[in-house]
Structures are given as C-alpha cells and as structure tokens.
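Visitor: One structure is given below, represented as structure tokens, and several questions about it will come after.
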Amino acid sequence: MRHTELPFTGPATFLKAPYRPLSEPWIADVGFLGLPYDFAVGYRPGARFAPGALREASGRYAPGPEGYFDLETETYCLQGVSLVDAGDVDPAQLEYQETFHRITEAARALRQRVRLPVFVGGDHSVTYPVLRAYDDLEALHVVQLDAHLDFSDSRNATRYANSSPFRRAVEDVPGLNITVIGLRGLRTSSEAYRAARERGHTLVTAAKVRANLPWVLERLPRGQKVYVSFDADAPDPSILPGTSSPEAEGLTYGEAIAVVRQTIEQNELLGLDLVELAPNLDPSGLSSLVGARLLAEVLAVWGSTTAL
Ligand code: MN
Ligand code: MN
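Taken in order, the sequence shown gives residues 0 to 307; the numbers are from numbering that gives the first Met the number 0.
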C-alpha cells in the first residue's frame with residue numbers, strides 16, 4: 000500500500016522504505032543509514048539535517064512494487080529489490096572519537112545485512128569511520144565526487160575535520176586507492192595534492208570533466224571493489240546550493256550521474272555515501288530534491304546492472 004501514498008505522507012523514511020533499526024534482526028538488498036553529524040564542518044553547518052530532509056524529499060521518488068520504468072531501455076529496474084531504512088547513528092556531539100566508533104560499528108553491522116549499504120551524512124568527516132568498516136578487504140577503490148580533495152593532513156591543528164577524511168582513511172584502511180572527480184577548490188593544499196599524487200590517486204578537475212567527459216570516464220577504475228563517496232558540492236551550486244562550501248563551475252547533474260553510472264557498470268559497488276548536503280542553506284528545498292533524486296537514480300543504475 001505504501002506505493003500509493005502521496006510524496007508528503009509519512010512516516011518519512013528513505014524512499015518510503017520500512018524502518019528497521021539495527022537492533023532488530025533483518026536482511027535486505029539495500030539499507031540506508033543516516034549519519035547526522037556535522038561538528039567537523041569548517042564553514043557553514045547544517046549537514047546534520049540532511050538525513051531528515053532527504054527522508055522527506057525522497058517520498059517524491061519512492062519506487063512502486065514494480066520498481067522504476069526506465070525510459071531508455073523500456074524495462075523496469077529495482078523490481079523486487081528490498082529497501083530498509085535502518086535509522087540514524089546517534090552522534091556524541093563533541094566526542095568525535097565516540098561518534099566515529101558508533102559510525103564504524105553501525106556500518107559494519109549494516110554491511111552484514113545488505114548487499115548495498117547507503118550512508119547519508121553528515122559532513123564529509125563521516126566517510127573516514129565508514130571506510131574503517133571496510134578494513135577486512137584486500138583492496139577497495141574509492142570514487143570520490145567532490146570539489147575538494149579532503150586529503151589535508153591537518154588544518155588549524157585539526158586532523159579529523161571534513162577536510163581530512165581520506166588522509167585518515169588511507170592511514171587506517173589497507174588497500175585503499177582513490178579517484179577524485181570534480182576538483183576545483185581555490186584553496187587546495189599543495190602538500191595534500193602532492194601526497195595524493197604520490198600515493199597514485201587519480202585526480203580529475205571539474206574543468207577536465209567539462210572539456211572531455213569520455214576521457215574522464217576512461218580513467219575510472221575497472222573490475223574492482225568500489226565505494227562511491229558523493230559530496231554535495233561536486234555538482235554546480237546552481238542545481239545544489241545547499242552545501243557548506245559551494246564552488247562555482249561544478250559538474251552538471253548529467254555529468255555526475257555519468258561518472259557514477261560508469262563506475263557502477265564496470266566495478267562491484269560495495270557502498271555509497273552522500274554527504275555535505277545542508278538543507279538549511281537552501282530554503283527552496285531544491286537541494287534536498289536533487290539529492291533524493293540522485294540517491295534514487297544511483298539505486299536504479301545499481302539495480303539494473305547488478306545480478307540480484
Ligand atoms: Mn568533501
Ligand atoms: Mn567538498
């Protein structure tokens with residue numbers, strides 16, 4: 000009956016999936032976990048409100064029991080795929096170590112329940128404790144869509160802010176490689192850039208995406224276990240203004256989806272996050288709707304390319 004409900008009818012859960020906390024036993028194909036933590040933001044806060052706002056906005060994109068009808072292939076996708084909203088990790092406010100511990104434990108538990116865990120931040124600092132839950136793998140390739148590198152060793156004596164999650168992750172998680180798409184921050188740390196290059200990371204600017212998208216798609220990983228980390232500031236702020244540190248000249252929605260689609264089609268997707276969406280910074284609600292649409296479309300791509 001849920002599929003007949005209007006977009007704004009509740010209770011609000013991700014894509015109107017049933018709510019099942021991790022304290023209960025269940026398994027599903029896809030599990031959503033909210034990480035409403037933004038105490039590591041260096042500029043404008045608000046990403047803590049994203050899991051709630053995306054639950055509300057995603058009612059607009061709740062799939063029916065037959066899934067989504069794909070206009071390109073004229074077939075249904077996500078048919079019979081089970082979705083669960085596993086609720087939120089409760090942040091311990093200023094105790095970032097405790098918060099990160101809770102996030103890692105919840106992410107480990109979610110990975111055991113579902114084929115595709117979807118983490119909804121929160122600022123980008125949460126990706127570090129999420130990636131710690133993947134430390135059992137020999138190798139994992141992170142495809143990060145982001146205006147910023149987030150690979151600073153420290154800034155202002157701070158090592159766990161949203162500008163450092165991937166620096167901390169490569170120190171703790173074995174076998175990590177990283178491809179970043181959409182770079183254009185004006186204040187890029189040259190130390191961080193060099194350190195990422197020296198580790199063999201693939202760093203692609205937004206200008207490169209605009210100039211030659213096929214060239215960029217050629218450089219994505221192939222045949223690997225992958226994790227997609229999607230920062231809401233990767234797309235152009237004209238379509239997604241609700242983010243802490245917007246940077247002009249970003250990706251179009253279509254370019255971002257093309258990168259994610261190619262990544263999913265030629266690799267094994269083991270996890271996904273959407274971070275840095277601050278709904279309070281966009282009173283029009285557009286950012287939350289675009290973010291919810293993005294989550295729904297990535298699931299559709301995953302569902303149509305993954306044998307379930
Ligand atoms: Mn980021
Ligand atoms: Mn960013």
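Where a beta carbon is used, it is the ideal one built from N, C-alpha and C, also for glycine.
Since we're looking at a predicted model, the values are computed, not measured.
Which residue's Cα is closest to the Cα of Arg183: Pro90, Leu276, Leu144?
Guide: Sequence index remark: in the sequence shown, residue 183 carries index 184 (1-based). The shortest C-alpha separation from Arg183 is found at Leu144.
Visitor: Among Glu217, Gly222, Trp214, Arg54, which has the Cα closest to the Cα of Thr12?
Guide: Translated into positions along the sequence shown, residue 12 becomes position 13. Measuring from the Cα of Thr12, the nearest candidate turns out to be Arg54.
Visitor: Reducing DSSP to helix, strand and coil, say where Ser228 ends up.
Guide: Within the sequence shown, residue 228 is the residue found at index 229, counting from 1. Residue state, collapsed to three classes: strand.
Visitor: Let me check you understand the geometry: is the CB of Asp152 closer than 7 Å to at least one non-hydrogen atom of ligand 1?
Guide: On the sequence shown, residue 152 is found 153 positions in, with the first residue counted as 1. No.
Visitor: Does the stretch 97-110 come within contact of the stretch 47-67, defined as at least 3 CB pairs closer than 8 Å?
Guide: Taking 8 Å as the limit for Cβ pairs, the verdict is that the stretch 47-67 does not touch the stretch 97-110.
Visitor: Under the assumption that Arg43 contacts Pro6 (Cβ atoms under 8 Å), give the Cβ distance between them as a whole number of angstroms.
Guide: Along the sequence shown, read from residue 1 onward, the residue named residue 43 stands at position 44. Along the sequence shown, read from residue 1 onward, the residue named residue 6 stands at position 7. Arg43 to Pro6, Cβ: 28 Å. No contact.
Visitor: Are the beta-carbon atoms of Ala27 and Leu82 separated by less than 8 Å?
Guide: The count along the sequence shown starts at 1 and reaches residue 27 at position 28. The count along the sequence shown starts at 1 and reaches residue 82 at position 83. Yes, the Cβ-Cβ distance between Ala27 and Leu82 is below 8 Å.
Visitor: How about Asn176 and His200: do their beta carbons lie closer than 8 Å?
Guide: Here residue 176 corresponds to residue number 177 of the sequence shown, with the count starting at 1. Here residue 200 corresponds to residue number 201 of the sequence shown, with the count starting at 1. Yes, the pair counts as a contact, with Cβ atoms nearer than the cut-off.
Visitor: Return the bridge partner residues of Asn161 from the DSSP annotation.
Guide: The residue you call residue 161 lines up with position 162 of the sequence shown. Paired residues: none, contrary to the question.
Visitor: If Val172 sits next to Asp134, beta carbons under 8 Å apart, how far is it from one beta carbon to the other, in whole angstroms?
Guide: By 1-based counting over the sequence shown, the position of residue 172 is 173. By 1-based counting over the sequence shown, the position of residue 134 is 135. Sure, about 5 Å apart at Cβ, within 8 Å.
Visitor: For Ser119 versus Phe229, is the C-beta distance shorter than 8 Å?
Guide: In the sequence shown, counting from the first residue as 1, residue 119 sits at position 120. In the sequence shown, counting from the first residue as 1, residue 229 sits at position 230. With the sequence shown as reference, residue 119 is identified as Val, and Ser is not the correct amino acid for it. Going by C-beta atoms, Val119 is not nearer than 8 Å to Phe229.
Visitor: Since I believe Arg158 is in contact with Arg314 (beta carbons under 8 Å), could you give me their beta-carbon distance rounded to a whole number of angstroms?
Guide: A query on residue 314 cannot be resolved here, the shown segment of the chain reaching from 0 to 307 and no further.
Visitor: Give me, in chain order, the residues of the same chain whose beta-carbon lies closer than 8 Å to that of Met0; leave out the 5 immediate sequence neighbours on both sides.
Guide: For the purposes of this step, residue 0 is taken as the residue at position 1 of the sequence shown. Note on Met0: pLDDT 44, under 50, position unreliable in the model; the coordinate value appears next. Result list for Met0: empty, nothing under 8 Å.
Visitor: Could you tell me which residues DSSP puts in a beta bridge with His140?
Guide: As a working note, residue 140 is residue 141 in the sequence shown. For His140, which the question treats as bridged, DSSP gives the partners Asn176, Val225.
Visitor: Give the C-beta separation of Ile256 and Glu296 to the nearest angstrom, bearing in mind that I take them to be a contact with Cβ-Cβ under 8 Å.
Guide: Residue numbering aside, residue 256 sits at position 257 when the sequence shown is read from its first letter. Residue numbering aside, residue 296 sits at position 297 when the sequence shown is read from its first letter. With a Cβ gap of about 6 Å, Ile256 and Glu296 count as contacting.
Visitor: Give the range of the beta strand (DSSP E) segment to which Phe68 is assigned.
Guide: Taking the first residue of the sequence shown as 1, we reach residue 68 at position 69. Start and end: 67-69.
Visitor: Check whether the Cβ of Glu275 sits closer than 7 Å to any heavy atom of ligand 2, and report yes or no.
Guide: In the sequence shown, residue 275 corresponds to position 276, counting from 1. For ligand 2, at least one heavy atom lies less than 7 Å from the Cβ of Glu275.
Visitor: In terms of alpha-carbon separation, which member of Asp69, Pro62, Gly86, Glu71 lies closest to Gly79?
Guide: Taking the sequence shown and counting its residues from 1, one reaches residue 79 at position 80. That would be Pro62, whose Cα lies nearest to the Cα of Gly79.
Visitor: Name, in chain order, the residues that DSSP records as bridge partners for Val113.
Guide: Position 114 of the sequence shown, counting from 1, holds the residue named residue 113. DSSP lists Ala27 as partners of Val113.
Visitor: Tell whether a beta-carbon distance below 8 Å holds between Tyr226 and Leu130.
Guide: For this step, residue 226 is matched to residue 227 along the sequence shown. For this step, residue 130 is matched to residue 131 along the sequence shown. Yes.
Visitor: Taking its Cβ as the centre, do 16 or more other Cβ atoms sit within 10 Å of Leu14, making it buried, or is it exposed?
Guide: Walking along the sequence shown from the start, residue 14 turns up at place 15. With 16 or more Cβ atoms within 10 Å of its Cβ, Leu14 is classed as buried.
Visitor: Regarding His147 and ligand 1, is the C-beta to nearest heavy atom distance less than 7 Å?
Guide: For the purposes of this step, residue 147 is taken as the residue at position 148 of the sequence shown. Indeed, a heavy atom of ligand 1 lies less than 7 Å from the Cβ.
Visitor: Just mark Leu72 as buried or exposed, buried being the case when its beta carbon has 16 or more other beta carbons within 10 Å.
Guide: In the sequence shown, counting from the first residue as 1, residue 72 sits at position 73. A small correction: the amino acid at residue 72 is Thr; Leu does not occupy that position in the sequence shown. It counts as exposed.
Visitor: Is any heavy atom in ligand 2 found nearer than 7 Å to the beta carbon of Ser188?
Guide: By one-based count along the sequence shown, residue 188 stands at place 189. No, the Cβ of Ser188 stays beyond 7 Å of every heavy atom of ligand 2.
Visitor: Is any non-hydrogen atom of ligand 2 found closer than 7 Å to the C-beta of Asp28, if you look at the structure I gave you?
Guide: Along the sequence shown, one-based indexing puts residue 28 at 29. Incorrect: Asp28 has no Cβ contact closer than 7 Å to ligand 2.
Visitor: Could you compute how far the alpha carbon of Gly284 sits from the alpha carbon of Ser243?
Guide: Along the sequence shown, one-based indexing puts residue 284 at 285. Along the sequence shown, one-based indexing puts residue 243 at 244. Straight-line Cα distance between these residues: approximately 15 Å.
Visitor: Is Ser81 near ligand 2, judged by its Cβ being under 7 Å from some heavy atom?
Guide: Position 82 of the sequence shown holds residue 81. Flag unset: Cβ of Ser81 not near ligand 2.
Visitor: Counting only the same chain and skipping the five closest in sequence on each side, list residues whose C-beta sits under 8 Å from that of Ala206.
Guide: Here residue 206 refers to the residue found at position 207 of the sequence shown. Excluding sequence neighbours, Ala206 sits near Arg183, Glu248.
Visitor: Quick check on Met0: does DSSP put it in helix, strand or coil?
Guide: Taking the sequence shown and counting its residues from 1, the one referred to as residue 0 is at position 1. Residue confidence for Met0 is low, a pLDDT of 44 falling below 50, so the modelled location carries little weight; the figure read from the coordinates is stated next. If DSSP states are grouped into helix, strand and coil, Met0 belongs with coil.
Visitor: Tell me which residue opens and which closes the alpha helix (DSSP H) that Thr126 is part of.
Guide: Taking the sequence shown and counting its residues from 1, one reaches residue 126 at position 127. 126-131 is the span of the alpha helix (DSSP H), which, as asked, contains Thr126.
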